[in-house]
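Scroll down for the structure; my scribbles are underneath it.
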Amino acid sequence: MAATPRARTTTKAAPTGGKASAKKATPTKRGSGKAPVDDHAKSASGRKSIDDTAGRAAAAAYGEQVSFARGKRPSDKLSKAELVQMYRTMVLARRFEELVIDQYREGNLPGFVHVAIGQEAIASGVGHALGDDDFIGSTHRAHAHIIARGSNVEHLMAEMMGRITGVCQGKGGSMHMADMSRNVVGANGVVGSGAPMMTGVALAQKELKTGNVAVAFYGDGASSQGNVHEGMNLAQIWQLPILFILENNRYAESTPTWQTVPVDDLTVRGAAFGMKTFAVDGNDVLAVYDTTAVAAEYARAGNGPVYIVAETKRLSGHYVGDAEVYRPKGEAKAARQTDPIPAFRAQLLERKVPERDLKAVEAEVEETMERAVEAALAADFPPAEDAMKHVYAEYPYPGPVLGL
Amino acid sequence: MAQMTYREAVRTAMAEELRRDGRVLFMGEDIADMGGSQGVSKGMLAEFGPERIRNTPISEEAIVGAAVGAAMSGLRPVVEIMYMDFTSMAMDPIVGQAAKWRYMTGGQVTIPVTIRTQGGAGWQSGSQHASMLENWFTHIPGLKVVMPSQPDDARLLLKAAIRDENPVLFVEHRDCYPRKGEVGEDPEEVGELGVGRVLREGSDCTVVCWGGMPWLALEAAETLEQEDGISLEVIDPRTLQPLDLGIILESVRKTNRCVVAHEAVTFGGFGAEVAALVQEHAFDHLDAPVLRVGEKWAPVPFAPVLEAHVVPGAQQIIDAVRSVAYATA
């Protein structure tokens, strides 16, 4: 299987697994002009950082963007109502996380929290391109992914606050939120561990012939973890229906990707496994939708896994309260210029979606989230003895440990 | 009943469960054509095919991680980790994921995955292929740890592990593989996790032991009977998590003396937990301190003379029993 690497295939002509022209992995082209490097991003070591505003350019330079004949994009078939729903998902995820920050600062949210503000286009594009029965596994930065699968934000917010009405009854919190009613296997507090786990979920889909695909989200930081490489390797050997979606926000916590990844172009890592690989501008929700739709169809048809590198930007710190001392001056401000939400809003207006529809959605989201926060704040904390439930499938546990 | 080795009993258990339940599959390194590094799965590929007997890359983290994902979405995987030392390569999926996923999700999923592994010293396989590390896992809420010594128990408890809704670590001691015993043949028969077994009845001292040690304890019992007139009761808890504390306490209340013997390093081992439980619950019945037998504080060495110095044998059990019986040979 895969004796001949099907590396870095382009899909310009036939997006669904058609014979793609094998293009040799392009070596790093830093400073080649295709991915302009900002002067401000010079590091102490003298090595210039990967340009932080060049997601699109980097993808064009190194990756394969799924492209289509005019009028043939999967997203062309989306109705206005569906487009508005994609917009709603992004706005809902954004508002959810803004309120999470507020509530955290007010002391209503224990622990610590990672938000994905600025990365909502990936969540929404992927979420809407998947079928209802497909599975996702996420990361420590999971809220948007989960919201995009249609989970109830009231239960999610309650979970964030450790309440009994939380989706995990207060046992998971932000970093371990799961919602099996929406096939959300869960966020994951261990960087990269979702990759082998979702490989297993994909194995079950294949063995049980469900026709569903699994998605493993992870970040550029996780892309250096062994678990991701091992998961991708196994998935490719077994030709499992899984999408590995790398959200490249260019920071592993505080450390810029160029310090931890020896290649500029993360798509080249797909070549190591002979895996079908796409690059996409992760701030373009429709491009994410199209790429995911093509990838999911490919995987669903039994052609094996797909690796997608989505370039994006984190508009917030690694965690709420992060002073971001490691970020070059001006970078965060520049990143805000590429905020996917206003960009998509403008795109919708261009497509003649009435502004009143967008305003109605924005108002409804505001109200929904207000209600969610209120309900979460009003909900009870779990009884302390609940801490001993769900350790095992049996309760009470038959061993002596609980009796002591 | 049929006479079979422990190795055959393990294979029989897996085969019976694969036949019984289409959701069971078996994956690991070299398990298919080769039949596993210890020959446990010999012949299984021919019966069940490569979809259900899945050879994997040398990739413990992915093997267990994928098994955990598969377990929470409808399959019941059995995984083989070739040597117990290599569980260190899969600690995150075992400890960080499998053990906690049901808990963290508030009971939304179950993780019916069985992780089989084997180990044990005495084969001059050196420090990285001989460790017994059961206490790493008995310490993790959410995991069950099964470690039977007898062929019939291996069959019945592995079947129980595969049918269990929790992640179960099933540990086989390498010394046990060629041991023979009477094993039942009814495929519906299944054991119960958390129930210990009296392997030998006695009146003077209790030895609690598991893995490969019960075989040595039974040898020690013969010697002590003949040379010292000491009657040894040998208890194999079979499952360490959950532990059948009742069977241990009942025995200690009868014999008033207790030795805990395992092959793993003594210090900080599971024997310490058993000793603590015994003194806590049966202090007034004890005529002597609870002693532990286990490996000395060193990695398992290679050269036979060094290995024998570190790893406990029947003699160490005999010495410990004589000590608590205040007897000298």
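So the sequences go chain by chain: A and B.
The first sequence begins at 1 in the numbering used here and counts up by one.
The second sequence begins at 1001 in the numbering used here and counts up by one.
All C-beta atoms in this analysis are idealised placements derived from N, C-alpha and C, irrespective of residue type, glycine included.
(Q) Starting from tyrosine 289 of chain A, trace the alpha helix (DSSP H) in both directions and tell me its first and last residue. (A) Taking the first residue of the first sequence as position 1, residue 289 of chain A is located at position 289. Run containing tyrosine 289 of chain A: 285-300, per the alpha helix (DSSP H) assignment.
Q: Quick one: grab the DSSP three-state call for glycine 1119 of chain B.
A: In the second sequence, counting from the first residue as 1, residue 1119 of chain B sits at position 119. Strand.
Q) If we count the other Cβ atoms within 10 Å of its Cβ and call it buried at 16 or more, is threonine 1239 of chain B buried or exposed? A) Taking the first residue of the second sequence as 1, we reach residue 1239 of chain B at position 239. Threonine 1239 of chain B is buried by the Cβ-count criterion.
Q.
So, does the stretch 78-93 of chain A touch the stretch 122-137 of chain A, judging by three or more C-beta pairs under 8 Å?
A. Using a C-beta cut-off of 8 Å, the stretch 78-93 of chain A makes contact with the stretch 122-137 of chain A, since at least three inter-stretch Cβ pairs fall below that distance.
Q: State yes or no: is the C-beta of glycine 1043 of chain B within less than 7 Å of the C-beta of valine 1079 of chain B?
A: Position 43 of the second sequence holds residue 1043 of chain B. Position 79 of the second sequence holds residue 1079 of chain B. Result no, Cβ atoms of glycine 1043 of chain B and valine 1079 of chain B do not sit closer than 7 Å.
(Q) Is there a Cβ of chain B sitting closer than 7 Å to that of histidine 155 of chain A, yes or no? (A) The sequence position of residue 155 of chain A within the first sequence is 155, counting from 1. Histidine 155 of chain A does not count as touching chain B.
(Q) Less than 7 Å between the C-beta atoms of phenylalanine 1270 of chain B and glutamate 1172 of chain B, yes or no? (A) Here residue 1270 of chain B is taken as the residue at index 270 of the second sequence, counted from 1. Here residue 1172 of chain B is taken as the residue at index 172 of the second sequence, counted from 1. Contact: no.
Q. Using a beta-carbon distance cut-off of less than 7 Å, what residues from the stretch 1129-1143 of chain B approach chain A?
A. Of all residues in the stretch 1129-1143 of chain B, only Pro1141 and Gly1142 place a beta-carbon less than 7 Å from a beta-carbon of chain A.
Q: Mind listing the chain B neighbours of phenylalanine 135 of chain A? Cutoff is C-beta to C-beta under 8 Å, in chain order.
A: Here residue 135 of chain A refers to the residue found at position 135 of the first sequence. From the beta-carbon of phenylalanine 135 of chain A, the residues of chain B found nearer than 8 Å are Ser1073.
Q. Would you say methionine 161 of chain A reaches chain B, if we count a Cβ-Cβ gap shorter than 7 Å as a contact?
A. Translated into the one-based positions of the first sequence, residue 161 of chain A becomes position 161. It does not: the Cβ of methionine 161 of chain A has no partner Cβ on chain B nearer than 7 Å.
Q.
My output table needs one value for glutamate 1280 of chain B: the three-state DSSP class, helix, strand or coil.
A. As a position in the second sequence, residue 1280 of chain B is number 280, starting the count at 1. Taken through DSSP and simplified to helix, strand or coil, glutamate 1280 of chain B comes out as helix.
Q. Under 7 Å between C-beta atoms, does tyrosine 1083 of chain B make it to chain A?
A. In the second sequence, the residue the question calls residue 1083 of chain B occupies position 83. Closer than 7 Å: no.
Q.
Check whether the stretch 1079-1097 of chain B and the stretch 156-164 of chain A touch, using three or more Cβ-Cβ pairs below 8 Å as the test.
A. In this structure the stretch 1079-1097 of chain B does not touch the stretch 156-164 of chain A; the number of beta carbon pairs closer than 8 Å is below three.
**Q.** Between the CA atoms of lysine 276 of chain A and serine 21 of chain A - distance to the nearest angstrom
**A.** As a working note, residue 21 of chain A is residue 21 in the first sequence. As a working note, residue 276 of chain A is residue 276 in the first sequence. Caution is warranted here: a pLDDT of 36 is assigned to serine 21 of chain A, below 50, making its placement in the model unreliable, and no coordinate value can be reported.
Q. On the premise that valine 213 of chain A lies in contact with arginine 300 of chain A, defined as a C-beta separation below 8 Å, what is that separation, rounded to the nearest angstrom?
A. Looking up residue 300 of chain A in the first sequence gives position 300. Looking up residue 213 of chain A in the first sequence gives position 213. Between the beta-carbon of arginine 300 of chain A and that of valine 213 of chain A there is about 5 Å, and that keeps the pair under the 8 Å contact cut.
Q) Along chain A, which residues have their Cβ under 7 Å away from the Cβ of proline 1068 of chain B? A) Here residue 1068 of chain B refers to the residue found at position 68 of the second sequence. Note that residue 1068 of chain B is valine in the sequence shown here, rather than proline. Here the neighbours are Met197 and Gly200.
Q. In chain B, which residues lie less than 9 Å from serine 193 of chain A when you measure between Cβ atoms?
A. Counting from 1 along the first sequence, the entry for residue 193 of chain A is found at position 193. Neighbours of serine 193 of chain A on chain B, chain order: Glu1061, Gly1065, Asp1092, Pro1093, Gly1096 and Gln1097.
(Q) Looking at the secondary structure, which residues open and close the alpha helix (DSSP H) in which asparagine 1135 of chain B lies? (A) The count along the second sequence starts at 1 and reaches residue 1135 of chain B at position 135. In this chain, the alpha helix (DSSP H) harbouring asparagine 1135 of chain B covers 1134-1138.
Q: Following the continuous beta strand (DSSP E) through lysine 1144 of chain B, name the residue where it begins and the one where it ends.
A: Within the second sequence, the letter at position 144 stands for residue 1144 of chain B. It spans 1144-1146 - the beta strand (DSSP E) in which lysine 1144 of chain B sits, taken as one unbroken run.
Q. According to DSSP, is histidine 229 of chain A helix, strand or coil?
A. Your numbering for residue 229 of chain A matches position 229 in the first sequence. Note: histidine 229 of chain A maps to helix in three-state DSSP.
Q) What does leucine 1018 of chain B reach in chain A if we use C-beta pairs closer than 7 Å? A) Locating residue 1018 of chain B in the second sequence gives position 18, where the first residue counts as 1. Going along chain A, no residue has its Cβ under 7 Å from leucine 1018 of chain B, so there is no contact; the nearest lies around 13 Å.
Q: For chain A, find out if any of its Cβ atoms is closer than 7 Å to the Cβ of glycine 1268 of chain B; answer yes or no.
A: In the second sequence, the residue the question calls residue 1268 of chain B occupies position 268. So no, glycine 1268 of chain B is outside the interface.
**Q.** Cβ-based neighbour list, threonine 231 of chain A, same chain, cut-off 6 Å, excluding 5 preceding and 5 following
**A.** Your numbering for residue 231 of chain A matches position 231 in the first sequence. The amino acid at residue 231 of chain A is misidentified as threonine; the sequence shows glycine. Only Ala195, Pro196 and Thr199 meet the Cβ criterion.
Q | Beta bridge counterpart(s) of histidine 1173 of chain B as assigned by DSSP | A | The residue you call residue 1173 of chain B lines up with position 173 of the second sequence. Partner(s): B/Gly1119.
Q: Kindly indicate if chain B contains any beta-carbon less than 7 Å away from that of lysine 171 of chain A.
A: As a working note, residue 171 of chain A is residue 171 in the first sequence. With respect to chain B, the C-beta atom of lysine 171 of chain A has a partner C-beta closer than 7 Å.
(Q) Helix, strand or coil for glutamate 1080 of chain B? Go by DSSP, reduced to three states. (A) Walking along the second sequence from the start, residue 1080 of chain B turns up at place 80. Here glutamate 1080 of chain B sits in strand by DSSP.
Q: Using alpha carbons as the reference points, say which of B/Met1104, B/Arg1054, B/Ser1131 and B/Asp1244 lies closest to lysine 1296 of chain B.
A: Here residue 1296 of chain B refers to the residue found at position 296 of the second sequence. Minimum Cα-Cα distance from lysine 1296 of chain B among the listed residues B/Met1104, B/Arg1054, B/Ser1131 and B/Asp1244 corresponds to B/Ser1131.
Q. So, is phenylalanine 1302 of chain B buried or exposed, given that buried needs 16 or more other C-beta atoms within 10 angstroms?
A. Your numbering for residue 1302 of chain B matches position 302 in the second sequence. When all chains shown are included, phenylalanine 1302 of chain B counts as exposed.
Q: State whether the stretch 1224-1243 of chain B contacts the stretch 1140-1147 of chain B, with contact taken as three or more CB pairs (one from each stretch) at a distance under 8 Å.
A: Verdict: yes, contact present.
(Q) Measuring only the C-alpha atoms, how far is aspartate 1021 of chain B from glycine 189 of chain A? (A) Start at 1 with the first residue of the second sequence, and residue 1021 of chain B comes out as number 21. Start at 1 with the first residue of the first sequence, and residue 189 of chain A comes out as number 189. Whole-angstrom Cα-Cα distance: 33 Å.
Q. Can the beta-carbon of alanine 81 of chain A be found closer than 7 Å to that of valine 288 of chain A?
A. Counted from its first residue, the first sequence places residue 81 of chain A at position 81. Counted from its first residue, the first sequence places residue 288 of chain A at position 288. Between alanine 81 of chain A and valine 288 of chain A, the CB-CB gap reaches or exceeds 7 Å.
Q: Kindly indicate which three-state DSSP category aspartate 102 of chain A falls into: helix, strand or coil?
A: Position 102 of the first sequence, counted from the first residue, corresponds to residue 102 of chain A. Aspartate 102 of chain A falls in the helix class under three-state DSSP.
(Q) On the CB-based measure, 16 or more other CB atoms within 10 Å of its CB, does histidine 1262 of chain B come out buried or exposed? (A) Translated into the one-based positions of the second sequence, residue 1262 of chain B becomes position 262. Its Cβ being crowded by 16 or more others within 10 Å, histidine 1262 of chain B is buried.
Q. In chain order, what residues of the same chain lie with their CB nearer than 7 Å to the CB of isoleucine 1230 of chain B, ignoring the 5 residues before and after it?
A. As a first step, residue 1230 of chain B is located in the second sequence; it is residue number 230 there, counting from the start. Excluding five sequence positions before and after isoleucine 1230 of chain B, the CB atoms of its chain that fall closer than 7 Å to its own CB belong to Asp1204, Cys1205, Leu1224, Val1321, Ala1325 and Ala1327, given in chain order.
Q. Are there 16 or more other CB atoms within 10 angstroms of the CB of alanine 323 of chain A, so buried, or fewer, so exposed?
A. Locating residue 323 of chain A in the first sequence gives position 323, where the first residue counts as 1. In the assembly as shown, alanine 323 of chain A is an exposed residue. Its beta-carbon has fewer than 16 other beta-carbons within 10 Å.
Q | Closest residue to isoleucine 1247 of chain B among B/Leu1218, B/Ala1220, B/His1281 and B/Ala1217 (Cα-Cα distance) | A | As a position in the second sequence, residue 1247 of chain B is number 247, starting the count at 1. For the options B/Leu1218, B/Ala1220, B/His1281 and B/Ala1217, the alpha carbon positioned closest to that of isoleucine 1247 of chain B is the one of B/His1281.
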